[in-house]
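Chemist: Protein chains in written order, with our numbering: chain G, 286 to 510; chain B, 286 to 510.
1) By a C-beta neighbour count over all protein chains shown, 10 Å radius and 16 as the cutoff for buried, is residue 416 of chain B buried or exposed?
2) Report the residues of the region 487-501 of chain G with a CB closer than 8 Å to any CB of chain B, ordered along the chain.
3) Taking DSSP's pairing of strands, which residues face residue 358 of chain G in a bridge?
4) How far does the alpha helix (DSSP H) with residue 345 of chain G in it reach, from first residue to last?
5) Residues of chain G with CB closer than 9 Å to the CB of residue 469 of chain B, please, in chain order.
6) What are the boundary residues of the alpha helix (DSSP H) that residue 317 of chain B is part of?
7) When you compare the CB positions of residue 313 of chain G and residue 334 of chain G, do they come within less than 8 Å of one another, or not?
8) For residue 354 of chain B, which of B/362, B/363, B/486, B/344 has the nearest alpha-carbon?
9) Which residues in the same chain have their Cβ closer than 7 Å to the Cβ of residue 348 of chain G, if we skip the five residues on either side of it in sequence?
10) For residue 496 of chain G, tell me which candidate among G/332, G/433, G/470 has the shortest Cα-Cα distance.
11) Whole angstroms are fine: how far does the CA of residue 451 of chain G sit from the CA of residue 393 of chain G?
12) Just to make sure I have the definition right: I need the residues of chain C whose C-beta is within less than 8 Å of the C-beta of residue 506 of chain G. Which are they?
13) Starting from residue 447 of chain G, follow its DSSP beta bridges and name the residues at the other end.
14) Using a Cβ-Cβ cut-off of 6 Å (strictly less than) and excluding sequence neighbours within five positions of residue 510 of chain G, which residues of its own chain qualify?
15) Closer than 7 Å by C-beta to residue 399 of chain G: which residues in its own chain qualify, once you throw out the five before and the five after it? Chain order, please.
16) Residue 481 of chain G touches chain B at which residues, Cβ-Cβ below 8 Å?
17) I need the straight-line Cα distance from residue 442 of chain G to residue 370 of chain G, nearest angstrom please.
18) By DSSP, does residue 512 of chain G sit in helix, in strand, or in coil?
19) Is residue 440 of chain B close to chain G? Criterion is C-beta to C-beta, closer than 8 Å.
20) Rounding to the nearest angstrom, what Cα-Cα distance links residue 552 of chain G and residue 299 of chain B in this structure?
21) Name, please, each residue of chain G whose Cβ falls closer than 9 Å to the Cβ of residue 396 of chain B.
22) Please name the residues in the region 444-465 of chain G whose beta-carbon is closer than 7 Å to at least one beta-carbon of chain B, in chain order.
23) When you compare each of G/291, G/308, G/292, G/295 to residue 429 of chain G by their alpha carbons, which one comes out closest?
24) Which residue's Cα is closest to the Cα of residue 407 of chain G: G/435, G/449, G/426?
25) Quick one: complete beta strand (DSSP E) runs, 3+ long, within the region 449-497 of chain G?
26) Return the residue from the list G/491, G/378, G/506, G/507 that minimises the CA-CA distance to residue 507 of chain B.
27) For chain G, check one thing: does any of its Cβ atoms lie closer than 8 Å to the Cβ of residue 344 of chain B?
28) According to DSSP, is residue 414 of chain B helix, strand or coil?
29) What's the gap between the Cα of residue 378 of chain B and the Cα of residue 463 of chain G?
30) Look at residue 358 of chain G and residue 292 of chain G and say whether their C-beta atoms are less than 8 Å apart.
31) Is the CB of residue 304 of chain G under 8 Å away from at least one CB in chain B?
32) Tell me, please, whether the CB atom of residue 399 of chain G is closer than 8 Å to any CB atom in chain B?
33) Assign residue 501 of chain B to one of three DSSP states: helix, strand, or coil.
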């Protein structure tokens, strides 16, 4: 018998990226929990998704959502990162925690401004402690493409970083379930690439008039990875 | 009448990346000067290139090479970056300066370790001053592919960053002359992406057994850029 699908929680799941990922994973058959600071907003977002299809989606406040999920994703604005993290630290102990936070600092969102220490995901690993397996992924995905059921998600590869290779592998496989080509990209320090790349892609979208620029990794693998 | 090709200088031009770029640009018809700390090593590298084809290549010590070039490229190990820069600061005033330095810190070359302040190229702009137009490019190119005349260079796009858009455009066009697809990628801060990406590509080469992983930018431009 196949393993039961894990419950996926999306902290900040009412935002563009979070709700897009939640929508795609729910459609792929995963039980999904949307978290928000206000339970009511989360419940509302879940109800809207269910109106679009018969999906297993619930809404809760962030702490309850983090407790109820097997794997917890976080997609919040950078300005809310630290406070949100503090509100769920206890609830995510022992779990895989997928951080997709992009350190954009408005108004200069086309300029790379990495935080002290190198990158957000490394701060996350330090804040949550060694008992949480932090994986960084999905920073470069165009949120609009996630919401558009006609869009192919193989337009942008996903760089997956983290200090625990097994946890990375879980996320690489999850990403594939919703149509992404995902790659092991090294330790959590290497999250700097994906975090910084978002500003470059926003710049290119504007300069070249691209609707959601992304990247593909080129070259021919000779090992499965 | 077409403009005469500018003289291209490669500081650190005896290394893998520098000599590879020098070789490709010389073959494309540009007068090339190879710079090295020791004039003799540079002269020797130039002589070796000329043995491979009737090219306009000369060797000089770094300061003389920087003075003689119209556009100056720098491809030195990160450990030599600061000292090399100091030796050519006077010689590059008023010029376009292309920094391709990758902040690899052996032995952990598969781990992103960006320098204080965000990236090397920004340090370069600050060190050389506002009278030098610093452009950052070519960090992600597989040096071995440059040396291999059979290799197609469109396997890896070039991200071109810098605070002066006209200077970036010069480098975008130069890159195209030797077969690269190059992109305007924003201000010099955005060099962090290309500088950090090299460690990720080295990681992927090892993990997936790829011979020179690179990236393509995806999406459809609707403006020339």
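Ideal Cβ positions, reconstructed from N, Cα and C, are used throughout, including at glycine. If you're wondering where the values come from, they're calculated on a predicted model, not measured in any experiment.
Modeler: According to the structure shown:
1) The residue given as residue 416 of chain B occupies position 131 in the second chain. So residue 416 of chain B counts as exposed.
2) 488, 489, 490, 492, 493, 494, 495, 496, 497, 498, 499, 500, 501
3) As a position in the first chain, residue 358 of chain G is number 73, starting the count at 1. BP columns for residue 358 of chain G point to G/295, G/383.
4) Residue mapping note: residue 345 of chain G aligns to position 60 of the first chain, counting from 1. No alpha helix (DSSP H) holds residue 345 of chain G; the beta strand (DSSP E) holding it covers 342-346.
5) For the purposes of this step, residue 469 of chain B is taken as the residue at position 184 of the second chain. Within chain G, the residues near residue 469 of chain B are 488, 489, 492, 493.
6) Counted from its first residue, the second chain places residue 317 of chain B at position 32. Taken as a continuous stretch (DSSP letters only), residue 317 of chain B belongs to no alpha helix (DSSP H), being part of the beta strand (DSSP E) at 317-321.
7) Reading the first chain from its first residue, position 28 is the one you call residue 313 of chain G. Reading the first chain from its first residue, position 49 is the one you call residue 334 of chain G. In this structure, residue 334 of chain G does not lie closer than 8 Å to residue 313 of chain G by Cβ.
8) Residue 354 of chain B sits at position 69 when you count from the first residue of the second chain. Checking every option, the nearest Cα to that of residue 354 of chain B belongs to B/344.
9) Within the first chain, residue 348 of chain G is the residue found at index 63, counting from 1. Within the same chain, residue 348 of chain G has close Cβ partners 372, 373, 376.
10) Taking the first residue of the first chain as 1, we reach residue 496 of chain G at position 211. Cα-wise, what sits closest to residue 496 of chain G is G/433.
11) Along the first chain, read from residue 1 onward, the residue named residue 393 of chain G stands at position 108. Along the first chain, read from residue 1 onward, the residue named residue 451 of chain G stands at position 166. Answer to the nearest angstrom: the Cα atoms are 36 Å apart.
12) No chain C appears in this structure, whose protein chains are G and B.
13) The residue you call residue 447 of chain G lines up with position 162 of the first chain. Residue 447 of chain G is bridged to G/420.
14) Translated into the one-based positions of the first chain, residue 510 of chain G becomes position 225. Around residue 510 of chain G: 469.
15) On the first chain, position 114 is the one that residue 399 of chain G refers to. Excluding residues within five positions, the ones whose Cβ falls inside 7 Å are 388, 477, 480, 481.
16) As a working note, residue 481 of chain G is residue 196 in the first chain. Within 8 Å Cβ-Cβ: 475, 477, 478, 481.
17) The count along the first chain starts at 1 and reaches residue 442 of chain G at position 157. The count along the first chain starts at 1 and reaches residue 370 of chain G at position 85. Each residue's alpha carbon lies about 26 Å from the other.
18) The displayed coordinates of chain G run from 286 to 510. Any statement about residue 512 of chain G would go beyond what the structure contains.
19) Here residue 440 of chain B corresponds to residue number 155 of the second chain, with the count starting at 1. So yes, residue 440 of chain B belongs to the interface.
20) There is simply no residue 552 of chain G to check, as chain G begins at 286 and stops at 510 in what is shown.
21) Translated into the one-based positions of the second chain, residue 396 of chain B becomes position 111. Within 9 Å Cβ-Cβ: 471, 472, 474, 475.
22) 444
23) What you label residue 429 of chain G is simply residue 144 of the first chain in a count that begins at 1. That would be G/308, whose Cα lies nearest to the Cα of residue 429 of chain G.
24) On the first chain, residue 407 of chain G is found 122 positions in, with the first residue counted as 1. The shortest C-alpha separation from residue 407 of chain G is found at G/449.
25) 467-469
26) The count along the second chain starts at 1 and reaches residue 507 of chain B at position 222. Comparing Cα positions, the closest option is G/491.
27) Position 59 of the second chain, counted from the start, is the residue given in the question as residue 344 of chain B. No - not a single Cβ of chain G is within 8 Å of the one on residue 344 of chain B.
28) As a working note, residue 414 of chain B is residue 129 in the second chain. Correct three-state label for residue 414 of chain B: coil.
29) Residue mapping note: residue 378 of chain B aligns to position 93 of the second chain, counting from 1. Residue mapping note: residue 463 of chain G aligns to position 178 of the first chain, counting from 1. Cα-Cα distance, rounded: 52 Å.
30) As a working mapping, residue 358 of chain G is identified with position 73 in the first chain. As a working mapping, residue 292 of chain G is identified with position 7 in the first chain. For residue 358 of chain G and residue 292 of chain G, no; Cβs fall outside 8 Å.
31) Position 19 of the first chain, counting from 1, holds the residue named residue 304 of chain G. Chain B, which has no Cβ nearer than 8 Å to the Cβ of residue 304 of chain G, makes this no.
32) The residue given as residue 399 of chain G occupies position 114 in the first chain. Yes, residue 399 of chain G counts as interfacial toward chain B.
33) Counted from its first residue, the second chain places residue 501 of chain B at position 216. Of the three classes helix, strand and coil, the one that applies to residue 501 of chain B here is strand, per DSSP.
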